[in-house]
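Below is one structure, written out as structure tokens, with a few remarks after it.
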């Protein structure tokens, strides 16, 4: 693999329904289409990304899952290869139904970082889809990350959520030292109205690339097919924006 260690990218937001999982899937697709080896990790207890990618059975299984890597297991830590399943575009560690207990069972939010670092690396990028709320699971993902991609909707109500997420990043830095860099922010559901314009302007003030995604039916159809927009038969028109996001993550889009 080109990198000595996989770069871990967390896609996060403090509220649901903003297109976080869609962003994570299409970021992973954008990285994969450039030839990078990508691992997608679903840490959202709801498992929406896992179901979208076709892994509902794995979510419902009785075997060890990603919960055991976050919390620990009396049977020992799972090997990463035992959790990975294959997808046409990327490798995937699906969410697991036991994840609903992780919020109360995690005692050390740095455990997931240690687990990832102790695994044999086979990927260039690890894209982590986090829960739609702050808490121990999101903290575990963020502390394992090298880069963070906050996701917002193009509505003023997202300002508070972005602010809370960035405040939590500061709190984690105060307590644990290492936190990921915010490499870009995604603004979803952009419409030709003043509220969208105002939200994009507000995000611009954060000083990182803002990737604007317009609502497209083709994106929803790609999700229904269990793939990113990059391999779906129907183009969405948003491929160039997700490529910009991938470039921001890989360091090629710092001034856009």
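Residue numbers (full-length UniProt numbering): 1 to 256. Beta carbons are placed, not taken as given, at the ideal position from N, Cα and C, and that holds for glycine.
Count the other CB atoms, across all protein chains shown, that sit within 10 Å of the CB of residue 236; report buried if there are 16 or more and exposed otherwise.
Counted from its first residue, the chain shown places residue 236 at position 236. Residue 236 should be labelled buried.
For the beta strand (DSSP E) containing residue 214, list its first residue and its last residue.
Along the chain shown, read from residue 1 onward, the residue named residue 214 stands at position 214. Run containing residue 214: 210–214, per the beta strand (DSSP E) assignment.
Taking the alpha carbon of residue 212 as the reference point, which residue from 201, 222 and 221 has its own alpha carbon closest?
By 1-based counting over the chain shown, the position of residue 212 is 212. If we check each option's Cα against that of residue 212, 201 comes out closest.
Where DSSP assigns a beta bridge to residue 125, which residues make up the other side?
Against the chain shown, residue 125 aligns to sequence position 125. Answer by DSSP bridge pairing, in chain order: 7 and 38.
Contact check, residue 230 vs residue 11, beta carbons under 8 angstroms
Counted from its first residue, the chain shown places residue 230 at position 230. Counted from its first residue, the chain shown places residue 11 at position 11. For residue 230 and residue 11, no; Cβs fall outside 8 angstroms.
Opening and closing residue of the alpha helix (DSSP H) in which residue 174 lies
One-based indexing of the chain shown puts residue 174 at position 174. Unbroken alpha helix (DSSP H) run through residue 174: 158–176.
Same chain, Cβ closer than 7 angstroms to residue 177, neighbours up to 5 away in sequence not counted:
Taking the first residue of the chain shown as position 1, residue 177 is located at position 177. So no residue of the chain qualifies.
DSSP-derived helix/strand/coil call for residue 66:
Walking along the chain shown from the start, residue 66 turns up at place 66. DSSP places residue 66 in helix when its eight states are reduced to three.
CA-to-CA distance, residue 79 to residue 239, given in whole angstroms:
As a position in the chain shown, residue 239 is number 239, starting the count at 1. As a position in the chain shown, residue 79 is number 79, starting the count at 1. Each residue's Cα considered, the two are about 34 angstroms apart.
In chain order, what residues of the same chain lie with their CB nearer than 6 angstroms to the CB of residue 40, ignoring the 5 residues before and after it?
In the chain shown, residue 40 corresponds to position 40, counting from 1. Hits under 6 angstroms: 28, 90, 92 and 127.
When the Cα of residue 175 is compared with those of 194, 143, 104 and 161, which residue comes out closest?
Here the question's residue 175 lines up with position 175 in the chain shown. Among 194, 143, 104 and 161, the Cα nearest to that of residue 175 belongs to 143.
For residue 19, count neighbouring Cβ atoms within 10 angstroms of its own Cβ and tell me buried if that reaches 16, exposed if not.
Your numbering for residue 19 matches position 19 in the chain shown. Buried is the call here.
Bridge partners - residue 12, DSSP secondary structure assignment:
Counted from its first residue, the chain shown places residue 12 at position 12. For residue 12, which the question treats as bridged, DSSP gives the partners 150.
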